[in-house]
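A.B. asks: Here the sequence shown stands for residues 1 to 84, where the numbers follow full-length UniProt numbering.
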Amino acid sequence: MFVGGLSPTTAPELLHQYFIKFGEIKEYMIMKDPISKRSRGFGFVTFADPGSVDRVLESAPHFLESKKVLCSFINTFLNYSKIS
Numbered sequence: 001m002f003v004g005g006l007s008p009t010t011a012p013e014l015l016h017q018y019f020i021k022f023g024e025i026k027e028y029m030i031m032k033d034p035i036s037k038r039s040r041g042f043g044f045v046t047f048a049d050p051g052s053v054d055r056v057l058e059s060a061p062h063f064l065e066s067k068k069v070l071c072s073f074i075n076t077f078l079n080y081s082k083i084s
């Protein structure tokens with residue numbers, strides 16, 4: 001799940017602490033600029049059960065550090081075509 005609009009001071013652990021109430025989390029991260037190492041203002045949360053994303057989306061809006069954040073579903077399934 002994409003989480004956008006994060007404060008520059010939001011720690012990855014805060015994503016986990018907030019979203020764990022919606023289901024088991026497999027992975028979570030906040031994307032950082034490779035040079036400055038500062039937050040790029042968005043991150044990702046991967047739930048063990050895809051239904052957890054539905055619960056997050058149904059209970060919007062969400063606020064982290066008093067800032068409204070945008071949560072959206074990301075489909076990670078890719079279709080590959082066989083070349084014959």
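Where a beta carbon is used, it is the ideal one built from N, C-alpha and C, also for glycine.
Computed from a prediction, not measured in an experiment: that's the story for all the values here.
Which whole runs of the alpha helix (DSSP H) in the UniProt domain "RRM" (1 to 84) are 4 residues long or more, in chain order?
C.D. replies: Counting whole runs of 4 or more residues, the UniProt domain "RRM" (1 to 84) contains the alpha helix (DSSP H) stretches 12 to 19 and 51 to 58.
A.B. asks: Tell me whether S66 is buried or exposed, calling it buried when 16 or more other Cβ atoms sit within 10 Å of its Cβ.
C.D. replies: The residue labelled residue 66 in the question sits at position 66 within the sequence shown. The residue in question, S66, is exposed, as its Cβ has fewer than 16 Cβ neighbours within 10 Å.
A.B. asks: Exposed or buried, what is M1 when buried is set at 16 or more other beta-carbons lying within 10 Å of its beta-carbon?
C.D. replies: To locate residue 1, count along the sequence shown from 1; it is residue 1. With 16 or more other Cβ atoms within 10 Å, it is buried.
A.B. asks: Within its chain, find whatever has a CB closer than 7 Å to the CB of I83; leave out the 5 residues flanking it on each side and keep chain order.
C.D. replies: As a position in the sequence shown, residue 83 is number 83, starting the count at 1. A caution first: I83 carries a pLDDT of 41, below 50, which makes its placement in the model unreliable, though a value can still be read off. Cβ neighbours of I83 beyond the five flanking positions: none.
A.B. asks: Going by C-alpha distance, which of S52, P61, F73 and A11 is nearest I20?
C.D. replies: Locating residue 20 in the sequence shown gives position 20, counting from the first residue. Cα-wise, what sits closest to I20 is S52.
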